[in-house]
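Visitor:
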Amino acid sequence: MKNVLLIICVSSGLLVNYYAYGQLSYCLGSGIGLSNFKADSIETSPRLGFNINLGAKSELDETISFITMISFTQHGAKATNGRVYSDTGFSSEVKEYKFYYTELGLSILANYYLKYPALSVQGGIKMGLTKSSYSRNQYLVCFGNSANPEDNLTSSDFEYSLSKIPCSYAIVLGAASGNEEMQVMLNYSLYFANSKSNVIASKQYKVHKSLIELKVLFFIG
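Mapping of the sequence shown onto this note's numbering: position 45 corresponds to residue 581, and the numbering continues sequentially without gaps.
1. Are the Cβ atoms of S692 and L676 separated by less than 7 Å?
2. Once DSSP output is grouped into helix, strand and coil, what is the label at L698?
3. Tell me which residue opens and which closes the beta strand (DSSP E) that S761 is part of.
4. Go ahead and pull the three-state DSSP assignment for S691.
5. Please go through the same chain and pick out, in chain order, the residues whose beta-carbon is closer than 8 Å to the beta-carbon of L655, but skip the five residues on each side of it.
6. Sorted by chain position, which residues of the same chain lie with C-beta nearer than 6 Å to Y633's C-beta, five sequence neighbours on each side aside?
7. Given that a residue counts as buried once 16 or more other Cβ atoms are within 10 Å of its Cβ, and exposed if not, what is V657?
8. On the DSSP letters alone, give me the boundaries of the beta strand (DSSP E) that T604 sits inside.
9. Could you give the distance in angstroms between the alpha-carbon of I756 and the alpha-carbon of N715?
10. DSSP on P685, reduced to helix/strand/coil?
11. Would you call the CB atoms of E598 and Y652 closer than 7 Å?
Structure (structure tokens):
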């Protein structure tokens, strides 16, 4: 909680500073993204989702500008190595399991113009509040190679652990192209790893999340 408050305070100070001296415009847009995560015992492939963005841009000069955005983003991944357990043991058939979660994020990006206003490179930070949607799945699968189901990580345990990591932090890198009225942005978000304990096995594992997004933003003002 202290880290969240610190980031909010620092971000608010930076926003007040550069919006006070820059030419301000507002933006609205949406796009698509590919999200994924890596975790012990789970093999995954990316999941396609969408994003909705609302923000503001401050142009300091023809070299640099700042964009602050509030975004709603779909996240998740497809686990490809799940195994279903029954009274007769594990099934030999591999079961695909889809993880879903959403993020409400605040990002601050710096634009450095290589050619104003047509082309810029971007870098910044993002803080998000995440919510797992594990009720969408109606079956239980296990991840791991042990013949004892209690030694494996289960889908319900992992979903529950995701729901107990409410905050996420990421470094954002990217590029943008467009004009003063519209920008197309391609961003890559590398999230800091979160550690959680398996509810049953009581062992530590890390979750590494990543996100590639394509956004189209329209500016007013």
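Just so it is clear, CB atoms sit at the ideal spot from N, CA and C, and this is done for glycine as well.
Guide: So, from the data block:
1. As a working note, residue 692 is residue 156 in the sequence shown. As a working note, residue 676 is residue 140 in the sequence shown. Yes, the pair counts as a contact, with Cβ atoms nearer than the cut-off.
2. Numbered from 1 along the sequence shown, position 162 holds the residue referred to as residue 698. Three-state DSSP puts L698 in a helix.
3. The shown model of the chain, from 537 to 757, leaves out residue 761, and the question about it has no answer.
4. Here residue 691 refers to the residue found at position 155 of the sequence shown. Looking at S691 - three-state DSSP - the assignment turns out to be helix.
5. If you number the sequence shown from 1, residue 655 lands on position 119. Within the same chain, L655 has close Cβ partners Y649, A711, A712, S713.
6. In the sequence shown, residue 633 corresponds to position 97, counting from 1. Here the set comprises A615, G618, V677, S691.
7. Taking the first residue of the sequence shown as 1, we reach residue 657 at position 121. Exposed: under 16 other Cβ atoms inside 10 Å.
8. Indexing the sequence shown from 1 puts residue 604 at position 68. Where T604 is concerned, the enclosing beta strand (DSSP E) stretches over 600-622.
9. Mapped onto the sequence shown, residue 756 falls at position 220. Mapped onto the sequence shown, residue 715 falls at position 179. Cα-Cα distance, rounded: 12 Å.
10. In the sequence shown, the residue the question calls residue 685 occupies position 149. In this structure, P685 counts as helix in the three-state DSSP scheme.
11. As a working mapping, residue 598 is identified with position 62 in the sequence shown. As a working mapping, residue 652 is identified with position 116 in the sequence shown. Result yes, Cβ atoms of E598 and Y652 sit closer than 7 Å.
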